[in-house]
Ligand SMILES: Cc1cc2nc3c(=O)[nH]c(=O)nc-3n(C[C@H](O)[C@H](O)[C@H](O)COP(=O)(O)OP(=O)(O)OC[C@H]3O[C@@H](n4cnc5c(N)ncnc54)[C@H](O)[C@@H]3O)c2cc1C
Ligand SMILES: Nc1ncnc2c1ncn2[C@@H]1O[C@H](COP(=O)(O)O)[C@@H](O)[C@H]1O
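As structure tokens, this is what we get:
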């Protein structure tokens, strides 16, 4: 029976939400095709996350444990995944499209002879190949794309499938991994200095700031809105370029793809390259003084006006609501 | 240090583009240098200005893509190679990386740079694929580069923050447009580029692509939105009420 292998990404000691979305989609495909669903986890203590994979239906979990997976170097990740793929011989390998995954996907594909569909919005197994919809041209269009190969790799944008539990008893298989040598050396990991303690890709609420957020006063309002809504802070490229927000906060074609339940776009015009990273959000609230700004074309709710007066009113109202709850 | 930057000519996404019969229809005249590759060229020029060395560029594309090689030369690259194919849209990242790997046999660059992704397809694969084919250490999504005696120090944007990774040369790096603002060629650069040689080589034996586009489709549209009017206090009260109803706050 062919196997579909889903990769669980562990970040800051947790399996990511995006990993569960991908597992869910893989389980749907495994059910429809009569395939086996397996998961692979790379972490310093990978077996500790096996229950997460089982909760979403993985019948076999390949756990590769090594302290090196704490570091962001790509050599050990490519080596370990290649070894698991060699052992399991999956028909399809699916990944959440994180920066860490993007870092290894190309090299791993050449190493294992895989065909790759990168950063897809949806995918399915069809007539012995994999078909996917991929946003292209700065997410102005979808390309219906087909890959044939063994295996086929698919990396999936966040928010593509709602994660759905389907618990099974998993067979956990530890995979021995001998780290070879790497020419790379890690000098430093500089954690992001974004306000807001919540990880952007995982957040259920995001407050994103654009060029309309001009000064410290506006930035303070953004911080405060994020604090009262428990949001992570995102940014457009315009305010990353000025240095007001770190590149880690950037959302869009160059930055991250996010899919929260609630997205506030504050002083963001809605350029295609920004919208590319946020249209999977469930509810989008746009605050912009220009009624013709393209962000209103994708917004669920549009508040036309000056953010310097709207944000204080909004924060006050949210505080009232929080106090009442 | 000797750099070679892999550059791609892509459609200008700000130009009008339509779908007809599952195909994209656009103005063939509006082609540009991939923004991520422009940043890679810029950074290579800055580093070779500071530490000595030269920047070459290589492009795979149809005849008309020669203008994009010329653009990189006008920015300041020393030499250009144009590997001519009838239509590079038929090639996937794997095929591109195979052709590039063939090109790099017999060259001894210290650093090969690519964009982190092509702006039109957003695949983001060719760099890592090329590194693996050439057996080079690599880093992706660079937002800053520095040269320290024989070592390339890459600041890369990771999931949670920035990581600083040192690579011995030869190595490969894929570049983000967050790295710099690429220079616009000035008149002197444009004149100088006219005298520079572009080595043009037709490609024999195209590798088969394992990934192909069946057809293009419009983006799924979102439900039409609603404007919430009134004074700021009224707007705030109304939006908070709606967000409560939707249980997102
Ligand atoms: C290859 C490439 C990749 C890119 N990748 C990304 C990416 O990942 N993410 C990204 O964001 N961009 C990206 N861009 C850039 C993108 O094209 C836009 O330039 C950028 O998104 C604009 O940011 P902005 O909306 O903050 O600024 P602007 O377009 O300048 O918009 C500012 C908005 O703020 C409003 N405003 C001003 N003052 C106020 C006020 N007081 N109250 C309310 N509203 C106000 C204005 O009406 C305006 O609509 C990319 C571009 C390229 C070429
Ligand atoms: N036709 C091409 N010619 C030269 N380099 C290319 C070509 N296509 C892609 N590349 C390089 O590979 C990078 C990643 O491309 P992609 O995998 O298609 O997103 C680009 O930023 C370029 O540096």
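Chains as they are written, first to last, in my numbering: chain A, 1 to 325; chain B, 1 to 249.
Ideal Cβ positions, reconstructed from N, Cα and C, are used throughout, including at glycine.
Taking C-alpha positions only, residue 283 (chain A) is separated from residue 290 (chain A) by approximately 20 Å. At a threshold of 7 Å, residue 115 (chain B) counts as near ligand 2, since its beta carbon sits closer than that to one of the ligand's heavy atoms. Less than 8 Å divides the Cβ of residue 158 (chain B) from the Cβ of residue 100 (chain A). Here DSSP, grouped into helix, strand and coil, assigns residue 83 (chain B) to strand.
Taking a C-beta cut-off of 8 Å against chain B, the contacting residues of the segment 4-31 of chain A are 11, 12, listed in chain order. In summary, the residues of the segment 290-312 of chain A whose CB is separated from some CB of chain B by less than 7 Å are 296, 298, 299, 300, 301, 302, 303, 304, 305, 309, 310, in the order they occur in the chain. If you check the CB distance, residue 286 (chain A) and residue 299 (chain A) come in under 8 Å. Counting other Cβ atoms within 10 Å of its Cβ, residue 275 (chain A) reaches 16 or more and is therefore classed as buried. For the segment 157-176 of chain A, the set of residues with a beta-carbon nearer than 9 Å to any beta-carbon of chain B is empty. Taking a contact to require three or more Cβ pairs closer than 8 Å, the segment 86-93 of chain B and the segment 122-136 of chain B qualify as touching.
In this structure, residue 206 (chain A) and residue 153 (chain A) do not form a Cβ contact; the two beta carbons are roughly 28 Å apart against a cut-off of 8 Å. Excluding five sequence positions before and after residue 38 (chain A), the CB atoms of its chain that fall closer than 8 Å to its own CB belong to 3, 4, 5, 6, 58, 59, 60, 61, 62, 88, 90, given in chain order. Looking at A:281, A:269, A:122, the one whose alpha-carbon comes closest to that of residue 292 (chain A) is A:269. Those residues of the segment 127-161 of chain A placed with their C-beta closer than 8 Å to a C-beta in chain B are 131, 133, 134, 135, 136, 137, 138, 139, 140, 141, 142, 143, 144, 145, 146, 147, 148, 149, ordered along the chain. Taken through DSSP and simplified to helix, strand or coil, residue 202 (chain B) comes out as strand. Taking C-beta atoms as the reference points, residue 211 (chain A) and residue 239 (chain A) count as a pair closer than 8 Å.
Nearest to residue 86 (chain B) by C-alpha distance, out of B:202, B:249, B:213, B:242, is B:202.
Interface residue (Cβ-Cβ distance to chain B less than 8 Å): residue 214 (chain A) is not classified as such. By the beta-carbon neighbour count (other beta carbons within 10 angstroms, threshold 16), residue 324 (chain A) is exposed. Short note on residue 141 (chain B): C-beta not closer than 7 Å to any heavy atom of ligand 2.
Close to chain B, meaning a Cβ-Cβ distance shorter than 9 Å, are the following residues of the segment 50-75 of chain A: 71, 72, 73, 74, 75.
In the DSSP secondary-structure assignment, residue 205 (chain A) is bridged to A:262.
Listed along chain A are 314, 317, 318, 320, 321, each with a C-beta nearer than 9 Å to that of residue 240 (chain B).
With the criterion set as a beta carbon lying under 8 Å from some beta carbon of chain B, the members of the segment 81-106 of chain A are 98, 99, 100, 102, 103, 104, 105, 106, in sequence order. Residue-level contact check: residue 197 (chain B) does not touch chain A, since none of the beta carbons of chain A fall below 8 Å from its beta carbon. Per DSSP, the continuous alpha helix (DSSP H) segment holding residue 322 (chain A) begins and ends at 307-324. For residue 239 (chain B), the enclosing alpha helix (DSSP H) starts and ends at 232-245.
Rounded to the nearest whole angstrom, the C-alpha separation of residue 228 (chain A) and residue 146 (chain A) is 45 Å. For residue 180 (chain B), the Cβ stays outside the 7 Å cut-off from all heavy atoms of ligand 1. Within chain B, the C-beta atoms nearer than 9 Å to that of residue 116 (chain A) come from 92, 93, 94, 123, 125, 129, 210, 211, in chain order.
Sorting A:82, A:254, A:319 by C-alpha distance to the C-alpha of residue 113 (chain A) places A:82 at the top. Assigned with DSSP and collapsed to three states, residue 191 (chain B) falls in helix. Any Cβ of chain B closer than 8 Å to the Cβ of residue 41 (chain A) would place that residue at the interface, and such an atom is absent.
Of the residues assessed, residue 253 (chain A) falls on the buried side of the cut-off, its CB having 16 or more other CB atoms within 10 angstroms. For residue 141 (chain A) against residue 190 (chain B), the beta-carbon gap comes to about 33 Å, at or over 8 Å, which does not count as contact. The segment 21-78 of chain A is shown to contain whole beta strand (DSSP E) runs of 3 or more residues at 36-43, 60-65, in chain order.
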